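>
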DNA sequence: ATCCCGCTCCGCCGCACGGGGGAGGACCGC
DNA sequence: GCGGTCCTCCCCCGTGCGGCGGAGCGGGAT
């Protein structure tokens with residue numbers, strides 16, 4: 002069962018990293034590096050030209066980063082490569098973005114050569130492997146849970162934001178006033194502004210908007 | 002580089018499934034089925050005896066299901082096997098539970114033999130593979146985003162639940178009444194019950210509770 | 001047959017809330 | 001200096017909301 006070699010594109014802004022990766026991967030007979038890129042934009046065009054099976058994509062790159070490049074590749078190409086996103090720290094928020102962008106895999110730079118090779122073979126050969134729709138669903142849920150905040154969030158002034166947060170904990174105007182150390186009339190003014198800017202008629206609607214907008218994420 | 006064979010335990014309540022899995026896996030020289038179990042409890046004891054490298058765990062089993070068995074195995078054994086959870090439908094809520102329980106992999110029953118074998122080799126050989134802490138973090142976030150609903154959720158009657166959902170979209174009592182096809186007085190009664198059962202004084206507080214309790218997950 | 005519960009309504013009352021005004025002071029940029 | 005924004009606070013008024021008590025009706029349990 003001899004398969005054609007796995008075609009790989011490397012995208013990393015540091016030449017040394019690319020060289021190291023190429024050395025590791027080229028040592029395997031079934032792997033073949035067919036292109037390199039130093040920027041996100043370059044990665045997109047190189048992938049479009051070389052049509053690899055797998056792309057190793059660094060997150061931090063000048064210009065368009067690896068995440069955006071991943072999005073663009075998956076959006077543009079009809080049969081995109083499996084994209085493995087590479088980063089240094091595992092607890093990066095990049096992880097979520099990478100999965101959401103459609104990355105097939107996620108790899109740490111500190112990974113040893115064996116792990117790297119195995120990961121490449123894995124994503125290349127598997128149509129749907131270990132975490133098929135599961136990860137996708139989790140990432141989608143993450144996206145649903147952390148949507149892009151609406152425009153009105155930015156328009157809220159500092160005080161109005163405070164008031165909205167307190168509103169969204171179920172406090173009355175009087176309680177908010179005490180909590181903020183101002184008069185009730187002031188709170189009423191801020192509440193009115195919040196209602197206007199959020200397009201709500203109720204404080205209840207404003208609270209709903211706050212939650213739906215992810216404004217209350219983090220207490 | 003000849004390694005010792007990968008020791009595998011199969012846990013599935015259907016004998017035919019176990020037989021089929023054993024047939025597929027035994028055909029590979031580097032795989033060895035060292036035990037079978039038909040229930041979750043049995044799986045725990047068999048794994049404890051046989052000390053396999055990998056356990057294929059069906060979710061639906063009489064008594065303790067695969068998820069609980071996974072939890073117990075990982076909690077009890079010092080060097081637990083890599084557990085691959087097997088189920089029929091990929092959009093099961095089991096997926097989240099499996100990942101949260103600490104399953105190393107997730108496999109669909111419709112997977113072909115090649116995928117199955119590859120998955121087993123994969124989880125067996127990899128200390129930390131493609132989605133190391135990423136999946137764990139996502140699953141943890143899922144757990145945080147979907148906490149166990151408070152007791153009052155169960156106490157709500159059907160109508161009260163409907164009213165709460167409509168409240169939590171920012172509707173007034175009159176609008177809820179129209180939306181439900183009942184009189185405003187009826188809605189007031191239900192609202193009062195909801196406030197009492199949720200321990201809220203406001204409709205606003207009730208809405209907050211609804212969101213915090215994950216009551217509004219899914220629009 | 002009885003009780004309990006859920007769903008459906010009614011009236012009355014007090015009040016926090018929201019709308020519509022206005023006003024003064026602090027800060028910033030042109 | 002002057003306009004703009006933000007924060008602060010005031011009054012009046014209408015009303016949606018929530019608390020209280022009561023009532024009829026149907027179904028399931030005992």
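Residue numbers (the working numbering), protein chains in the order written: chain Z, 2 to 220; chain G, 2 to 220. Ideal placement from N, C-alpha and C gives every residue a C-beta, glycine not left out. None of these values were measured; they are calculated from a predicted model.
Nearest to residue 34/G by alpha carbon, out of 53/G, 44/G, 17/G, 46/G?
The residue with the shortest Cα to Cα distance from residue 34/G is 53/G.
> Would the stretch 13–27 of chain G and the stretch 37–49 of chain G be scored as touching if the rule is three or more Cβ pairs under 8 Å?
They touch, by the three-pair rule.
> Note the first and the last residue of the continuous alpha helix (DSSP H) segment covering residue 72/Z.
That run of the alpha helix (DSSP H) goes 67–77.
> Could you pull the start and end residues of the beta strand (DSSP E) that residue 59/Z belongs to?
Residue 59/Z -> beta strand (DSSP E) spans 55–59.
> According to DSSP, which residues form a beta bridge with residue 107/G?
According to DSSP, which records beta bridges pairwise, residue 107/G is partnered with 86/G.
> Residues of the stretch 166–179 of chain Z in Cβ contact with chain G at a cutoff of 8 Å, in chain order, please.
Within the stretch 166–179 of chain Z, the qualifying residues are 168, 169, 170, 171, 173.
> Using beta-carbon positions only, say whether residue 207/Z and residue 168/Z come within less than 8 Å of one another.
Cβ distance < 8 Å, so residue 207/Z and residue 168/Z count as in contact.
> With a threshold of 8 Å between beta carbons, is residue 123/Z in contact with chain G?
So yes, residue 123/Z belongs to the interface.
> Hey, quick one: how far does the beta strand (DSSP E) through residue 32/G stretch, first residue to last?
Taken as a continuous stretch (DSSP letters only), the beta strand (DSSP E) holding residue 32/G covers 32–38.
> Below 7 Å between beta carbons is the criterion; list the residues of the stretch 203–220 of chain Z that meet it against any residue of chain G, in chain order.
Of all residues in the stretch 203–220 of chain Z, 203, 204, 205, 206, 208, 209, 212 have a Cβ within less than 7 Å of some Cβ in chain G.
> In the structure shown, what three-state DSSP assignment does residue 4/G receive?
Coil at residue 4/G, not helix or strand.
> Might you give, ordered along the chain, the residues of its own chain that have their beta carbon closer than 7 Å to the beta carbon of residue 69/G, omitting 5 neighbours on each side?
These residues qualify, in order along the chain: 41.
> Cβ closer than 9 Å: which chain Z residues qualify as neighbours of residue 201/G?
Those are 171, listed as they occur along chain Z.
> I believe residue 55/Z touches residue 73/Z by the beta-carbon criterion, under 8 Å. Please report the beta-carbon distance rounded to the nearest angstrom.
Not confirmed; about 17 Å, so no contact.
> Kindly indicate the opening and closing residues of the alpha helix (DSSP H) around residue 218/G.
That residue, residue 218/G, is in no alpha helix (DSSP H); it is neither H nor E in DSSP.
> Just checking, does the stretch 192–211 of chain Z make contact with the stretch 5–13 of chain G on the three C-beta pairs under 8 Å criterion?
Segments in contact, no.
> Hey, residue 102/G and residue 65/G are a contact pair by Cβ (cut 8 Å); roughly how many whole angstroms apart?
That pair is no contact at about 12 Å.
> Looking only at its chain, what residues have a beta carbon closer than 7 Å to the beta carbon of residue 63/G, apart from the 5 residues adjacent to it on each side?
If we look at residue 63/G and ignore the five residues flanking it on each side, its Cβ neighbours are 14, 40.
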